[in-house]
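Heads up, the sequence shown is in this note's numbering, so the first residue is 1 and it goes up one at a time. Ideal Cβ positions, reconstructed from N, Cα and C, are used throughout, including at glycine. Just so you know, these numbers come straight off a predicted model, no measurement behind them. Let me begin by presenting the structure, written as structure tokens, before commenting on it.
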Amino acid sequence: MRAWRRIRGEGVSGSRWLSGVVIGLLLVGVVAVGGIALGGGGGNPSPGANESRNELYMTLRIPGITDFGPKGEIEVEAFHWGVSQVAGRIVVEELVITKVIDKASPKLYEALTKGTHLEEVTLAVYEGPGGGAALDFKEYVVYAIRDVMVSSIGEGPTPAGHMEDVSFTYREISIDYTAQGGPVETLLCGTGADWSGCERK
């Protein structure tokens, strides 16, 4: 089992992504041209960076696909998601994650080629102290998408290994945020056309 990878969140990796928001100490939202883009990924700290800053770890959970991983989750190297308003219309982007090719890859390709509908896909972002143990990392942002399909998969070699980008389309998304020692707060919940709430299960 791969060790926990410490992600400093100081840059969004992958040339295919638009400029978004890097997740650092806290979730940061950037409003640009009426839109919000959220992203997280690996990156080397700049010279003189504060080594004591918090670090990030991300996992993906898809029932029936990632069940081989710890707690049914697999490690995610980076992700991108965004929403914008264009001419009074809300445009919701696909959720794109970057991961190492693993046991989930054949099942993801199968879901793509067969047009399989997935009930729910969950991306969890954990935050912890730099150099801390795995148990010190706490879940603080969770993206849950429902009525999901795998829309595309692209792969290739990178300095970090053989990676693949997996894109998901969906009907509904919710984003929950938990501050340190605080309650869970819903940042966003809706279907793109209606942001009044989600059909929670």
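### Task
Please classify K71: does DSSP put it in a helix, a strand, or coil?
Reading the sequence shown from its first residue, position 71 is the one you call residue 71. The answer is helix: DSSP assigns K71 an H, G or I state.
### Task
Starting from the Cα of E75, find the closest Cα among G182, Y140, A124 and give me that residue.
Counting from one through the sequence shown, the residue named residue 75 turns up at place 75. Of G182, Y140, A124, the residue nearest in Cα terms is A124.
#### Entry: Endpoints, alpha helix (DSSP H) assigned at E94
Position 94 of the sequence shown, counted from the start, is the residue given in the question as residue 94. Segment: none, E94 is in no alpha helix (DSSP H) and carries neither H nor E.
### Task
Can you give me the start and stop residues for the alpha helix (DSSP H) that Y109 sits inside?
Within the sequence shown, numbered from 1, the residue matching residue 109 stands at position 109. First-last of the alpha helix (DSSP H) with Y109: 104-114.
### Message
Assuming the contact rule is C-beta atoms closer than 8 Å, T191 and R171 should be a hit. Round their C-beta distance to whole Å, please.
### Response
Indexing the sequence shown from 1 puts residue 191 at position 191. Indexing the sequence shown from 1 puts residue 171 at position 171. About 6 Å; that satisfies the 8 Å criterion.
### Query
Is it the case that the Cβ atoms of E155 and I101 are separated by a distance below 8 Å?
If you number the sequence shown from 1, residue 155 lands on position 155. If you number the sequence shown from 1, residue 101 lands on position 101. In contact: E155 and I101 (Cβ atoms closer than 8 Å).
### Query
Who pairs with Q85 in a beta bridge, going by DSSP?
As a working mapping, residue 85 is identified with position 85 in the sequence shown. Answer is I90, bridged to Q85.
#### Entry: Beta-carbon proximity of I153 to L108, cut-off 8 Å
Reading the sequence shown from its first residue, position 153 is the one you call residue 153. Reading the sequence shown from its first residue, position 108 is the one you call residue 108. Yes, they are a contact pair.
### Message
Considering only DSSP beta bridges, list what H117 is partnered with.
### Response
Taking the first residue of the sequence shown as position 1, residue 117 is located at position 117. BP columns for H117 are empty, so no partner.
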